[in-house]
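> Here it is: the structure, laid out below.
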Amino acid sequence: MDYYCVIWGNTSTQNLDRLHRLQKRAARLILDLDHKAPSLPLFLELGWLPVHERIRYLRASTVYKALNNLSPSYITSLLLPFSKVRNVNTRGSTNNNLKLPEVNTNAGKRTFAFLAANEMSGIYYLIV
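Just so we're aligned, residue -2 is where the sequence shown starts under the working numbering, counting upward by one.
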């Protein structure tokens, strides 16, 4: 399952919704249940996260590894903490937020660097 999360993680919402429907269908098939069975209890029984959440989890895990020098340098180079951008203490620098790369297209907004920085800035406030 992690393979398709890596491959499809930066695709459009429409494609992710298709993958989610396939994931629900697979869960019902594995547990031999009716097609009308709600998917959330099935995911809990199988120990699965929905596709969208699994992708976010894997991305956050990769960011954590990159910020703690546990990943290859090419991944670490994609992420730029605010503390390295400015020498001024701001909420962004003290909260370990990442600088959002400048993008000009919707495709740029689906890159790992943009999505990781965008999601990690919101995760800090959920943790604290």
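We put the CB at the ideal spot given by N, CA and C, even for glycine.
(1) Any C-beta of chain D sitting closer than 8 angstroms to the C-beta of leucine 13?
(2) By alpha-carbon positions, which one of Arg15, Leu39 and Asp14 ends up nearest to leucine 26?
(3) For the candidate residues Leu41, Lys96, Ser9 and Thr59, whose alpha-carbon lies nearest to that of asparagine 103?
(4) Give the list of continuous beta strand (DSSP E) stretches no shorter than 3 residues that lie fully inside the stretch 42 to 67.
(5) What is the residue span of the alpha helix (DSSP H) that serine 70 lies within?
(6) Is it the case that the stretch 100 to 117 contacts the stretch 57 to 65, given that we only count it when at least three CB pairs across the two stretches are under 8 angstroms?
(7) Please say whether leucine 77 and lysine 96 have beta carbons closer to each other than 8 angstroms?
This is what the structure gives:
(1) In summary, chain D is missing from the structure at hand, where a single protein chain is found.
(2) Leu39
(3) Ser9
(4) none
(5) 70 to 73
(6) yes
(7) yes
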